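Adding 53 to a residue's 1-based position in the sequence shown gives its number in the working numbering.
Glycine included, each C-beta is placed from N, C-alpha and C at the ideal position.
Quantities reported herein were computed from a predicted structural model and do not represent experimental measurements.
What follows is a set of notes on a single structure, which appears directly below.
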Amino acid sequence: VEALAAGDYKSAMEPFTRTGPSGPNREAIEALLADLDGAVVTDLAAARGVDAQVIRDAFAAAPLAAPEALAMGLLDRLAAEDEVFDPEADGRTVDAADYAGRPSPWPRIRFRQPRLAVVDLRGTIKDGRALDPAPTGAVPRALAGALAKARRSKRIKGVLLAIDSPGGSATASEAMWRAVRRLAAKKPVIAVMGDVAASGGYYVAAACDGIVAAPTTLTGSIGVIAARPTAQGLLTRLGLFQHTLGPGPRAHLLHPGKRLSQGEREALQRTVDDFYQVFLARVAEGRDRTPAEVDPVAQGRVWSGQAALAHGLVDRLGDERDGLAWLAERVGLAEVPDRVAYITPPRNLRAVVRGLLSARMAPLPAAVQEPLALWQQVAEQPYQAWCPWRVD
């Protein structure tokens, strides 16, 4: 793979171009892990009512036997399942499936109240059509359709955009940004980040009126890469030779059978740098800053939600409930309405059937599946705003 990037920390293609992480990449990873470790230790200590050092000692001594965990205050008691809960001894129990499946008896008057809507943006951001089966990704037309439905509704007063995406296609991210801005011009839009809302995911979030992240959210990664598979060495070893003809010197720019010339690399780098400036401008507009002020915290670096708050990339720490409460406040409601509309992208029967047929193969291990997915992405669209990490 031949790859170019805008941003010292933009490392999505390093697994294909290096034998180990670069210095900036290692620096960012270590800082992020320190943030995540601190958040986990703090939350566990608060939940168990123990000192943070107890949690760190438990981590250092792991794995722990149950009596050891009890002695450290990590457990309340040791018991078998039948000692904790006996359904035959308590007649007030109800099966969870029956409870969840029973419709709530909402009074008719509630349907006329102002409502808030939740729209999901989950998975890899891809170029494509709204009705394509994309069970593991998101496409601009699908998101635009859901946002347009919320924009047209007279009862929906504001929208919560729930983002859980590492990014993807740079052009698709721009299209989604524009769709969110169209809605934000008419109604308040708050982004709430899940496990990851980075690169293209953050690009879209920057279009919202406010951003809520969890302390451990992976976000930022404001940068752009351009990559293309190259098989020239493999073809030569196999004794295969390709001869291509084109009307101009750049006709074969993305052809995988030949390596980039110096002039072609410079041309691609210019387009990557140009798109990076657009990315900075989008973030600057959303965060009420200048591109020059955004650039130091951009450069493709991934931040934890806690660090992103300190750097002004998000507004608050919280979850979806906090996002809905803030949205209700923005639209002038005293509290979150009883009913919240969940708007999903349109799907037709053909798309559903095609999606089922495309899932006939057994899934590959993540260590194989993720590089293949990225390879397929750059083969289809060389310009990517992609976060390179996943925290297990």
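- In the three-state DSSP reduction, residue 251 falls in the strand class (E or B).
- Contact holds between the segment 252–270 and the segment 354–363, because three or more Cβ pairs, one in each stretch, are under 8 Å apart.
- The continuous alpha helix (DSSP H) containing residue 82 extends over residues 76–101.
- Note that the segment 201–212 does not touch the segment 222–230; fewer than 3 beta-carbon pairs, one per stretch, sit closer than 8 Å.
- A direct Cα-to-Cα measurement between residue 207 and residue 369 gives close to 28 Å.
- Going by C-alpha positions, residue 345 is about 14 Å away from residue 327.
- Non-local beta-carbon contacts of residue 247 in its own chain, meaning distances under 6 Å to residues more than five positions away in sequence, involve 217 in chain order.
- Secondary structure of residue 264 (DSSP, three-state): strand.
- Judged by DSSP secondary structure, residue 280 falls outside any alpha helix (DSSP H) and instead within the beta strand (DSSP E) spanning 277–281.
- Collapsing the DSSP output to three states places residue 55 in a strand.
- Per DSSP, residue 284 is not a residue of any beta strand (DSSP E), being assigned neither H nor E.
- An exposed status is given to residue 137, since fewer than 16 other beta-carbon atoms sit within 10 Å of its beta-carbon.
- Under the DSSP definition of a beta bridge, residue 215 partners with 173 and 245.
- Contact between residue 394 and residue 209 holds: their C-beta atoms lie close to 6 Å from each other, under 8 Å.
- For the pair residue 214 and residue 179, the Cα-to-Cα distance works out to about 18 Å.
- By the Cβ-count criterion, residue 352 is buried, with 16 or more other Cβ atoms from all chains shown falling within 10 Å of its own Cβ.
- Beta-bridge pairing by DSSP links residue 257 to no other residue.
- Take the alpha-carbon of residue 335 and the one of residue 107: they are about 44 Å apart.
- Residue 101 and residue 127 have their C-alpha atoms some 6 Å from each other.
- Within the model, the alpha-carbon separation for residue 329 versus residue 277 is close to 6 Å.
- Ranked by how close their Cα comes to the Cα of residue 391, the residues 397, 378 and 239 have 378 in first place.
- Collapsing the DSSP output to three states places residue 272 in a strand.
- When rounded, the separation of the alpha-carbon atoms in residue 175 and residue 292 is 43 Å.
- One Cα belongs to residue 367, the other to residue 261, and the distance between them is close to 11 Å.
- The residue from 192, 235, 222 and 124 with its alpha-carbon nearest to that of residue 205 is 235.
- In terms of CA proximity to residue 251, 275 leads the group 380, 242, 275 and 170.
- Residue 116 is not a Cβ neighbour of residue 354, given a cutoff of 9 Å.
- The Cβ atoms of residue 84 and residue 95 do not sit closer than 9 Å to each other.
- Under the three-state reduction of DSSP, residue 225 is assigned to helix.
- Relative to the Cα of residue 383, the nearest Cα in the group 211, 220, 313 and 65 belongs to 211.
- Residue 370 has 266 as its beta-bridge partners, per DSSP.
- Excluding five sequence positions before and after residue 365, the CB atoms of its chain that fall closer than 7 Å to its own CB belong to 340, given in chain order.
- If you look at residue 336, you'll find it in the alpha helix (DSSP H) that goes 315–340.
- Our two residues, residue 197 and residue 133, have alpha carbons roughly 51 Å apart in a direct line.
- Under the criterion of beta carbons closer than 8 Å, residue 312 and residue 55 qualify as touching, at roughly 7 Å.
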